[in-house]
Amino acid sequence: MNDLLVYLNGEMVKSSSACISVSDAGFLHGASTFTTMLAKNSKVFRLDRHLRRLGQTVNVLGIKADATVDTLVNAVDEVLRANALADARVRITLTPGPVREGRPTTLVTAEPVGDLPRQWCEKGISVVVTSLKAHKGDFMFGYKTGCYLGRMLARSEAAAKGADDALWFTDQNYLSEACTSNVFLVLDGKVFTPPRDTPVLPGIVREAVLELCGELGIPADDQTPLTVREMLAAQEAFLTASVAGIRPGVRIERHSVGDEKPGEITCRLMKAYEKLLARECA
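Sequential numbering of the sequence shown, starting at 74, is according to the working numbering.
Written as C-alpha cells, this is what we have:
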C-alpha cells in the first residue's frame, strides 16, 4: 500500500508499521468480517448501508467487535483525509482480536483506485463456472467474512482458463454469485438476479441496480431461482461489486452471451449507475 496511513484500534499509523497480534482470531481462524467500499470525491458511496450490513454480520455470526458506527464513520473520513485520497478503495475489517485477550481489532484502510480496464466496459469480460459449490448455511456466502480461500481458488481457476471471474452454482444447481460480485441476467428485456436465500451477498451495488431498474422502468426479479438453463438463455449478463461497479459479461466458458458485446439494458444501467455515483458522491 506504499506506506499509506491506516486506522488501527484508534490510532493512525503507517501501514508498514501497523501490527496485529499473531494470535488474532482473524489471522488464525478467519474469524473476521469486512466491507469494501468505493469513495468518490472523498465520499464513500452509501457508507450507511455498508455499515448496516457490517453490523448485521457481526450480530449474526457473533463476532466480538467494539467499534461503533460513529467510530467507523470518523475513521473512514480520517483515513481518506490523512492520505489525501478523493477516489479510493476503502476497507473496514473487524476481528475479535487476540485469542483469550478480549481486545477486538478494528482496521480501516484506503488506497487509490485507478481507472477500470477500458475493455471491461467497452468489450465486457469472460467468466467460467467454477467446479466449487455454494452451500446454504456456509458463511462464505451471504456474508463478508475472512474465509475467502474458496473464492481465491475459484478466481485462480478462472485465471488459468483466461477468464476474468468465476460463477458459483449451489449444490442444488442454482446460480449463486461470482467470486466477489453479484450476478445479473437479462432475459427477454427483464433483469434477474439470484434471490438472497440462494444464498448470495446482499451487495450494495446489487441493491442500487434493482433501484435503478425501477427508476428506468426495466422489469426486475430478485425472487426467482436461476439455473444453468436461464444462464445460457440470457441475452445479457453482468456482474456488480462496490469498487468494480457494473461489468458486462459477454462469454460464459465457450458460450457467447448475446452478440458478445455489452447489451442495451446493461449499458443503460451502467450509465444510470455512473449518474447515481456522481449524484450521491457530489
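Every residue, glycine too, gets a C-beta built ideally from N, C-alpha and C.
Query, Result
"Cα-Cα separation between Glu151 and Thr141, rounded to whole angstroms", "15 Å"
"8 Å Cβ cutoff met for Leu189 and Ala317", "yes"
"Limits of the unbroken beta strand (DSSP E) element including Glu326", "Where Glu326 is concerned, there is no enclosing beta strand (DSSP E), given that its DSSP letter is neither H nor E."
"Sequence-distant residues of the same chain with beta carbon closer than 7 Å to Cys354, five excluded per side", "Lys113, Asn114, Lys116, Phe118"
"Entirely enclosed beta strand (DSSP E) segments - the segment 240-296, minimum 3 residues", "248-251, 255-260, 263-265"
"Inter-stretch contact (C-beta, 8 Å, three-pair minimum) for the segment 315-329 and the segment 165-177", "no"
"Spatial distance of Ile93 from Gly215 (CA atoms)", "27 Å"
"Proximity below 8 Å, CB of Val330 to CB of Glu303", "no"
"Contact the segment 193-211 vs the segment 225-245: 3+ CB pairs below 8 Å", "yes"
"Residues that DSSP places opposite Tyr80 in a beta bridge", "Met85, Val181"
"Those residues which DSSP pairs with Ala314 across a bridge", "Gly318"
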